[in-house]
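If you're matching positions, the sequence shown starts at 57 in our numbering and goes up one per residue.
Using N, Cα and C, we set each Cβ at its ideal position, and we do this for glycine too.
As the structure is a computational prediction, the values presented were derived from the model and not from experiment.
To keep things clear, I will list the structure first and then write my remarks on it.
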Amino acid sequence: MATARRGSVLTSQDADFPRWYQEVLDKAELADNGPVRGTMVIRPFGYSLWERVQAEIDTRIKLTGAENVYLPLFIPESYLKREAEHVEGFSPELAVVTLAGGKALPEPLVVRPTSETVFGELMSKWVQSHRDLPLLLNQWANVVRWELRPRLFLRTTEFLWQEGHTAHATAEDAAAYALRIHLEVYRDFLQNVLGLPILVGVKTARERFAGAVNTMSCEAMMGDGKALQMATSHELGQNFAKAFDITYTDAAGQRQHCWTTSWGSSTRIIGGLIMGHGDDHGLVVPPRLAPIQVVVLAVKDDEQVLDAVRRLTVDLTGAGVRARVDLRTDQGFGRRVTDWELKGVPLRIEIGPRDLANGEVSVIRRDTRAKTPVPAGQVATTVVQLLDTVQQELHGNAVRRLTSRMVDTESLQEAREAARTGFARIPWRILGVQGEHALAEDAISVRCLQTAEGAVPPDPDAVDVVAVVGRSY
57 MATARRGSVL
67 TSQDADFPRW
77 YQEVLDKAEL
87 ADNGPVRGTM
97 VIRPFGYSLW
107 ERVQAEIDTR
117 IKLTGAENVY
127 LPLFIPESYL
137 KREAEHVEGF
147 SPELAVVTLA
157 GGKALPEPLV
167 VRPTSETVFG
177 ELMSKWVQSH
187 RDLPLLLNQW
197 ANVVRWELRP
207 RLFLRTTEFL
217 WQEGHTAHAT
227 AEDAAAYALR
237 IHLEVYRDFL
247 QNVLGLPILV
257 GVKTARERFA
267 GAVNTMSCEA
277 MMGDGKALQM
287 ATSHELGQNF
297 AKAFDITYTD
307 AAGQRQHCWT
317 TSWGSSTRII
327 GGLIMGHGDD
337 HGLVVPPRLA
347 PIQVVVLAVK
357 DDEQVLDAVR
367 RLTVDLTGAG
377 VRARVDLRTD
387 QGFGRRVTDW
397 ELKGVPLRIE
407 IGPRDLANGE
417 VSVIRRDTRA
427 KTPVPAGQVA
437 TTVVQLLDTV
447 QQELHGNAVR
457 RLTSRMVDTE
467 SLQEAREAAR
477 TGFARIPWRI
487 LGVQGEHALA
497 EDAISVRCLQ
507 TAEGAVPPDP
517 DAVDVVAVVG
527 RSY
């Protein structure tokens with residue numbers, strides 16, 4: 057049986073990574089199981105992380121010109137049947153309501169697995185002329201997909217997400233916008249705020265979203281070498297426009313079908329945060345994302361100490377730092393330190409009578425656990441600089457992990473072997489569809505197709521396209 061490492065309250069990652077993940081969820085007070093199998097209760101600290109994710113992504117979405125809307129939770133079953141008739145491979149895991157108000161409903165209602173169909177219906181109503189285009193919409197909501205193997209934050213029956221839907225006059229405009237979302241919203245947030253190196257590329261036909269003509273994915277490597285899909289963007293061509301009659305009158309007075317896109321990210325990002333940065337002592341949160349960047353702890357119940365802790369917290373807040381004070385001196389100091397380490401707060405400042413006597417405080421980094429004495433008058437400046445240093449070094453550590461576990465291969469067997477502990481890059485002309493199917497038998501999938509330089513390929517069928525393969529969540 058796996059056990060916690062000495063000095064830690066958690067099972068070590070090397071001993072049992074899945075168990076470590078579950079223990080972090082519990083002991084860092086991130087989430088709990090809901091009363092219905094597969095549902096999730098997001099606890100206050102976990103939800104504060106999601107609020108930060110929302111704020112950062114929402115700001116970037118709005119910079120692209122999209123506006124937020126909210127659509128109903130219930131969808132007429134006929135809407136999804138209409139979509140299924142036009143979209144090959146469409147088969148959502150549905151929850152259906154047939155009884156309401158004590159009476160059988162005239163038509164079953166689906167609890168939204170996505171709002172694709174309702175967006176389609178509304179776009180057909182709201183778009184009439186080329187002057188109405190592009191129509192750029194986004195929704196923050198919950199969705200339900202009946203999950204057979206639930207795992208908190210990674211796969212749950214109900215989860216939170218944002219889904220964007222847009223309509224355009226041309227295929228080129230739709231493709232350019234989907235790519236912009238992919239790079240300027242998702243990749244930018246994931247790399248510069250979440251602090252993880254991101255592989256961008258397109259999905260193969262096998263992995264592509266049903267009904268899409270192109271799916272782009274942001275893939276990250278977790279601490280155990282497996283991949284996690286963090287966000288996706290889809291070019292839907294005219295498939296959904298034809299299913300829902302989304303048309304416009306062009307400048308010449310001719311009726312044309314729109315070209316549409318959809319794109320989304322979810323609470324799965326929190327799972328990626330845990331597995332991408334966490335260590336044997338718990339969560340490690342990058343400063344730019346952290347709802348609490350610095351916690352200031354009073355070591356003892358001493359009035360001078362308590363006053364110094366309060367004043368420093370005010371000073372830090374005034375310097376633009378998200379700071380929290382911890383005056384719980386009725387609890388053991390070691391227990392409080394462990395609680396904040398589990399939650400991954402980037403910096404911890406400890407103040408006790410000895411620190412006051414020396415005119416300094418102790419600043420401890422969560423990522424390295426290094427403790428540094430800092431003169432009282434330099435704390436705010438030092439903290440601001442340290443937060444930036446921690447952000448950069450967390451990203452750098454994740455880059456080094458990805459680089460060390462990414463192997464360039466030239467054969468199916470080499471790729472299969474490399475995927476045991478990380479990712480393999482293999483020319484798509486060598487792997488091909490047959491090789492992709494062969495790897496799938498060993499639970500290895502093509503995470504994305506890239507150019508040799510690691511960019512989104514303009515032409516997925518180009519001779520120099522490279523496939524990134526690995527095991528995934």
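Next on the checklist: Going residue by residue through the stretch 183-264, where are the continuous alpha helix (DSSP H) segments of at least 4 residues, counting only ones entirely within it?
Outcome noted: 227-236, 244-248
Checklist entry - Are three or more beta carbon pairs between the stretch 339-348 and the stretch 285-296 nearer than 8 Å? => result no
Next on the checklist: Under 8 Å, with one C-beta from each stretch per pair, do the stretch 511-529 and the stretch 475-495 reach the 3-pair mark?
Outcome noted: yes
Checklist entry - Which residues bound the beta strand (DSSP E) around M286? => result 283-291
Checklist entry - Do the CB positions of E85 and T67 come within less than 8 Å of each other? => result no
Checklist entry - Among A494, T465, A499, H493, which one has its Cα closest to the Cα of A508? => result T465
Next on the checklist: Let me make sure I understand the geometry here. Which of G510, P100, E359, R93 has the alpha-carbon closest to that of L204?
Outcome noted: R93
Next on the checklist: What would DSSP say about R62, mapped onto helix, strand or coil?
Outcome noted: Model confidence at R62 stands at a pLDDT of 49, short of 50, so the residue's coordinates are unreliable; what they give is reported in the following sentence. DSSP places R62 in coil when its eight states are reduced to three.
Item to check | Limits of the beta strand (DSSP E) - the one that D464 falls within | outcome: 462-464
Checklist entry - Starting from Q469 and walking both ways along the alpha helix (DSSP H), at which residues does that stretch end? => result 468-474
Checklist entry - Leaving out five residues before and five after W196 in sequence, what residues of the same chain have Cβ atoms less than 6 Å from its Cβ? => result Q218
Checklist entry - So is K399 buried or exposed if we call it buried at 16+ other beta carbons inside 10 Å? => result buried
Checklist entry - Exposed or buried, Q310, counting other C-beta atoms within 10 Å across all chains shown (16 or more means buried)? => result exposed
Next on the checklist: If you follow the beta strand (DSSP E) that A276 is in, where does it begin and where does it stop?
Outcome noted: 270-277
Checklist entry - Q69: which of R503, D336, P516 sits nearest, CA to CA? => result D336
Checklist entry - What first and last residue would you give for the alpha helix (DSSP H) that runs through I325? => result 324-333
Item to check | Local conformation of L383 per DSSP, three classes | outcome: coil
Item to check | Best match in L458, I500, R457 for proximity to R472 [C-alpha to C-alpha] | outcome: I500
Next on the checklist: Taking DSSP's pairing of strands, which residues face G320 in a bridge?
Outcome noted: E219, T288
Checklist entry - For T115, which three-state DSSP category applies? => result helix
Item to check | Coil, strand or helix - A354 by DSSP | outcome: strand
Checklist entry - With contact counted as at least three CB pairs below 8 Å, one residue from each stretch, are the stretch 400-408 and the stretch 350-370 in contact? => result yes
Next on the checklist: Please state the DSSP three-state secondary structure of S180.
Outcome noted: helix
Item to check | For F81, the first and last residue of its enclosing alpha helix (DSSP H) | outcome: First, the amino acid is wrong: residue 81 is Leu here, not Phe. Its alpha helix (DSSP H) spans residues 73-83.
Checklist entry - Taking C-beta to C-beta, are M179 and A140 nearer than 8 Å? => result no
Checklist entry - Does the distance from the C-beta atom of L129 to that of V174 stay below 8 Å? => result no
Checklist entry - From G121 to G176, what does the alpha carbon distance come to, in whole angstroms? => result 19 Å
Item to check | Rounded distance between the beta-carbons of T369 and A379, thought under 8 Å | outcome: 5 Å
Checklist entry - How about L372 and V350: are their beta carbons less than 8 Å apart? => result yes
Checklist entry - Using DSSP with H/G/I as helix, E/B as strand and the rest coil, what is S104? => result helix
Checklist entry - Relative to the alpha-carbon of R201, which residue among D72, T95, I326 has its alpha-carbon at the smallest distance? => result T95
Checklist entry - According to the neighbour-count rule (16 or more other Cβ atoms, all chains shown, within 10 Å of its Cβ), is V338 buried or exposed? => result Residue 338 is actually Gly in this sequence, not Val. Label assigned to G338: buried.
Item to check | Cut-off 7 Å between Cβ atoms - residues of its own chain near H186, not counting five sequence neighbours on either side | outcome: A225, Y304, T305, D306, A307
Checklist entry - In three-state DSSP terms, what is A299? => result helix
Checklist entry - Pick from W484, P190, M462: whose alpha carbon is nearest that of L255? => result M462
Checklist entry - Which of the three DSSP states, helix, strand or coil, is assigned to D537? => result Here the chain covers residues 57 to 529 and nothing more, so residue 537 does not appear.
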